[in-house]
Amino acid sequence: MTVPRRISYTEPSTTTMFSPLQLRPRTLLGHVASGLSRWLAEYVTPFPSMVDTYGSAVVVTSVRIDYATPCPGFSDAPWLTVQFGLRVHPSGKWMHVEIDCTADGRPVAHVSTTMRVLAVADGDSLSASPGVLHPELRKAFTPAETVATPPPPDPYPAGATAVLPPREWRTFISRSHAEVADQWSFIEMIELATQARDRLFAEGLHAPLPPRQVIGTPTRTLRAVFRRPMFVYDPCVVTTSAHHGPDASGLYFHHRIGPPDSTRPHLTVWETLEAMA
Numbered sequence: 001m002t003v004p005r006r007i008s009y010t011e012p013s014t015t016t017m018f019s020p021l022q023l024r025p026r027t028l029l030g031h032v033a034s035g036l037s038r039w040l041a042e043y044v045t046p047f048p049s050m051v052d053t054y055g056s057a058v059v060v061t062s063v064r065i066d067y068a069t070p071c072p073g074f075s076d077a078p079w080l081t082v083q084f085g086l087r088v089h090p091s092g093k094w095m096h097v098e099i100d101c102t103a104d105g106r107p108v109a110h111v112s113t114t115m116r117v118l119a120v121a122d123g124d125s126l127s128a129s130p131g132v133l134h135p136e137l138r139k140a141f142t143p144a145e146t147v148a149t150p151p152p153p154d155p156y157p158a159g160a161t162a163v164l165p166p167r168e169w170r171t172f173i174s175r176s177h178a179e180v181a182d183q184w185s186f187i188e189m190i191e192l193a194t195q196a197r198d199r200l201f202a203e204g205l206h207a208p209l210p211p212r213q214v215i216g217t218p219t220r221t222l223r224a225v226f227r228r229p230m231f232v233y234d235p236c237v238v239t240t241s242a243h244h245g246p247d248a249s250g251l252y253f254h255h256r257i258g259p260p261d262s263t264r265p266h267l268t269v270w271e272t273l274e275a276m277a
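Just so you know, we're using UniProt numbering here: the sequence shown kicks off at 1 and counts up by one.
Structure follows, in structure tokens:
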């Protein structure tokens, strides 16, 4: 059996890639997008051709980021190396990304992303619905790259205890949150969720949690599930709560994003923090 193909590229670090705590999630999510375009261009077809010529597109349905502990910071990582792999489900309905990010050989983070394949109905508006990858594109994937990926485990632990009640903020989906089809960008929406801890601190809504735990603790694992898209100018509510796991040792933040009148969030993000020393 052949080995799945991967691409590897290295880029110099900049200050905007990092927070004082760690590599930003949006930096890693940006590599999901750019790595996908690079891999497709190398082995299948450029992304615009995939959409315009073959009528296939993808939308992100889930993301998981696992940070290394300890995670190299800006001063420790003058260069970042990304190794990117892509697989397609035998049904042609799903694609799966795996990314390993390192700095001078030291692990920084691992990213797993699942995407639903779409059939593009209109090339001008880029309207699309769930579909399967065009047969000509599927031929470009090797047998080792045409495999089913098991679903990720439920990140919401049973027996969790709420330590911070839900706090709510209202905003809207602007074009800076969106991609070319005026649909929300998975990068920007996860970024919106990760801003919630800063809001809790800035607005004095973090008690009884100490400020250091809310804004001074790195994320160990981030998990996001996208259920339904939102579009430019849609009103949007971000609701955040904090919980201890069953053993009371771990803390995670639970972010829900969706329309004000929705009974179920369109996006859910879980941030599990590193244990405080």
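For every residue, glycine included, the Cβ atom is placed at its ideal position computed from N, Cα and C. Predicted model, so just to flag it, every value in this text is computed and none were measured.
**OP:** With a floor of 4 residues, list each alpha helix (DSSP H) that falls wholly inside the stretch 211-235, ordered by position along the chain.
**Re:** For the stretch 211-235, whole alpha helix (DSSP H) runs of length 4 or above, ordered along the chain, are 211-215.
**OP:** Count the other CB atoms, across all protein chains shown, that sit within 10 Å of the CB of Val97; report buried if there are 16 or more and exposed otherwise.
**Re:** Your numbering for residue 97 matches position 97 in the sequence shown. Buried, because 16 or more other Cβ atoms sit within 10 Å of the Cβ of Val97.
Subject >> Where Ala109 falls: helix, strand or coil (DSSP) >> reply: Translated into the one-based positions of the sequence shown, residue 109 becomes position 109. It is a strand residue.
Original post:
So what's Arg24 in DSSP terms, helix, strand or just coil?
Top reply: Numbered from its first residue, the sequence shown carries residue 24 at position 24. The answer is coil: DSSP assigns Arg24 none of H, G, I, E or B.
**OP:** Could you tell me how far apart the beta carbons of Arg220 and Thr69 are, in whole angstroms, since I believe they sit closer than 8 Å?
**Re:** Locating residue 220 in the sequence shown gives position 220, where the first residue counts as 1. Locating residue 69 in the sequence shown gives position 69, where the first residue counts as 1. Approximately 7 Å separates the beta-carbon atoms of Arg220 and Thr69; this is inside 8 Å, confirming the contact.
**OP:** State the start and end residues of the unbroken alpha helix (DSSP H) segment that holds Asp198.
**Re:** Along the sequence shown, read from residue 1 onward, the residue named residue 198 stands at position 198. Note, Asp198: alpha helix (DSSP H), 196-202.
**OP:** Could you tell me if Thr161 is buried or exposed, where buried requires 16 or more neighbouring beta carbons within 10 angstroms of its beta carbon?
**Re:** By one-based count along the sequence shown, residue 161 stands at place 161. It is exposed - the Cβ of Thr161 has fewer than 16 other Cβ atoms within 10 Å.
Original post:
Going by beta carbon distance, what residues of the same chain come within less than 6 Å of Leu205, once the five residues before and after it are set aside?
Top reply: The residue given as residue 205 occupies position 205 in the sequence shown. Hits under 6 Å: Arg167.
Original post:
Going by DSSP, what residues sit across from Gly92 in a beta bridge?
Top reply: Working through the sequence shown from its first residue, we reach residue 92 at position 92. For Gly92, which the question treats as bridged, DSSP gives no partner whatsoever.
Original post:
Are the stretch 13-27 and the stretch 86-95 in contact at 8 Å, needing three or more beta carbon pairs?
Top reply: Judged by Cβ distances under 8 Å, the stretch 13-27 makes no contact with the stretch 86-95, as fewer than three pairs qualify.
Original post:
From what residue to what residue does the alpha helix (DSSP H) around Ser176 run?
Top reply: For the purposes of this step, residue 176 is identified with residue 176 of the sequence shown, where counting begins at 1. Careful: Ser176 lies outside any alpha helix (DSSP H) and carries neither H nor E.
**OP:** Please determine, among Glu274, Ala109, Glu136, the residue with the shortest C-alpha to C-alpha distance to Tyr54.
**Re:** Reading the sequence shown from its first residue, position 54 is the one you call residue 54. Tyr54 has its Cα closest to that of Glu136, out of Glu274, Ala109, Glu136.
Original post:
Whose C-alpha, out of Val51, Glu42, Val60, Ser37, is nearest the C-alpha of Ile187?
Top reply: Position 187 of the sequence shown, counted from the first residue, corresponds to residue 187. Checked all of Val51, Glu42, Val60, Ser37; the closest Cα to Ile187 is Val60.
Original post:
Can you tell which of Ala224, Gln22, Asp52, Arg64 has its C-alpha closest to the C-alpha of Ser75?
Top reply: Translated into positions along the sequence shown, residue 75 becomes position 75. The shortest Cα separation from Ser75 among Ala224, Gln22, Asp52, Arg64 belongs to Gln22.
Subject >> Same chain, Cβ closer than 6 Å to Ala224, five either side skipped, listed in chain order >> reply: For the purposes of this step, residue 224 is taken as residue 224 along the sequence shown, with counting starting at 1. Scanning its chain for C-beta atoms nearer than 6 Å, with the 5 sequence neighbours on each side dropped, one finds around Ala224 the residues Val63, Ile190, Val269, in chain order.
Original post:
Secondary structure at Val82, three-state DSSP: helix, strand or coil?
Top reply: The residue given as residue 82 occupies position 82 in the sequence shown. For Val82, the three-state secondary structure derived from DSSP is strand.
Original post:
Shortest alpha-carbon distance to Pro210 belongs to which of Ala242, Arg228, Gln195?
Top reply: Here the question's residue 210 lines up with position 210 in the sequence shown. Checking every option, the nearest Cα to that of Pro210 belongs to Ala242.
Subject >> Ranges of the beta strand (DSSP E) found wholly within the stretch 39-69, counting only runs of at least 3 >> reply: Within the stretch 39-69, the runs of beta strand (DSSP E) at least 3 residues long that lie entirely inside it are, in chain order, 56-67.
Original post:
From Pro208 to Thr217, what does the alpha carbon distance come to, in whole angstroms?
Top reply: Here the question's residue 208 lines up with position 208 in the sequence shown. Here the question's residue 217 lines up with position 217 in the sequence shown. Across the structure, Pro208 and Thr217 are spaced so that their CA atoms are roughly 16 Å apart.
Original post:
Looking at the structure shown, is His134 part of a helix, part of a strand, or coil, going by DSSP?
Top reply: As a working note, residue 134 is residue 134 in the sequence shown. Here His134 sits in coil by DSSP.
**OP:** Could you tell me the distance, in whole angstroms, from the CA atom of Phe47 to the CA atom of Leu192?
**Re:** Within the sequence shown, the letter at position 47 stands for residue 47. Within the sequence shown, the letter at position 192 stands for residue 192. So the two alpha carbons sit approximately 26 Å from each other.
**OP:** Buried or exposed for Ala25, please, with buried defined as at least 16 other CB atoms from any protein chain shown within 10 angstroms of its CB.
**Re:** As a first step, residue 25 must be located in the sequence shown, where it is residue number 25. Per the sequence presented here, residue 25 reads as Pro, with Ala not at that position. Residue burial annotation: Pro25 is buried, with at least 16 other C-beta atoms found within 10 angstroms of its C-beta.
**OP:** Using the DSSP secondary-structure output, state which residues sit across from Thr146 in a beta bridge.
**Re:** Here residue 146 refers to the residue found at position 146 when the sequence shown is read from its first residue. According to DSSP, Thr146 bridges with Val88.
**OP:** With a 10 Å radius around its C-beta and 16 neighbouring C-beta atoms as the bar for buried, classify Glu11 as buried or exposed.
**Re:** On the sequence shown, position 11 is the one that residue 11 refers to. An exposed status is given to Glu11, since fewer than 16 other beta-carbon atoms sit within 10 Å of its beta-carbon.
Original post:
Between the stretch 229-239 and the stretch 257-271, do at least 3 Cβ pairs fall closer than 8 Å?
Top reply: As far as the Cβ criterion goes, the stretch 229-239 touches the stretch 257-271, which means the pair count is three or higher.
**OP:** Please work out which residues of its chain come closer than 8 Å, Cβ to Cβ, to residue 279, disregarding the five sequence neighbours upstream and downstream, and give them in chain order.
**Re:** Because the chain in this structure spans residues 1 to 277, residue 279 falls outside the shown range and cannot be described.
Subject >> Neighbourhood of Ser37 by C-beta distance below 8 Å, restricted to the same chain and skipping five residues each side >> reply: Walking along the sequence shown from the start, residue 37 turns up at place 37. Pro46, Phe47, listed in sequence order.
Subject >> Same chain only: Cβ atoms within 7 Å of Ala178, ignoring 5 sequence neighbours per side >> reply: What you label residue 178 is simply residue 178 of the sequence shown in a count that begins at 1. The answer, listed in chain order, is Trp184, Ser185, Val232.
Original post:
Does DSSP classify Ser127 as helix, strand or coil?
Top reply: Residue numbering aside, residue 127 sits at position 127 when the sequence shown is read from its first letter. Reduced to three states, the DSSP call for Ser127 is coil.
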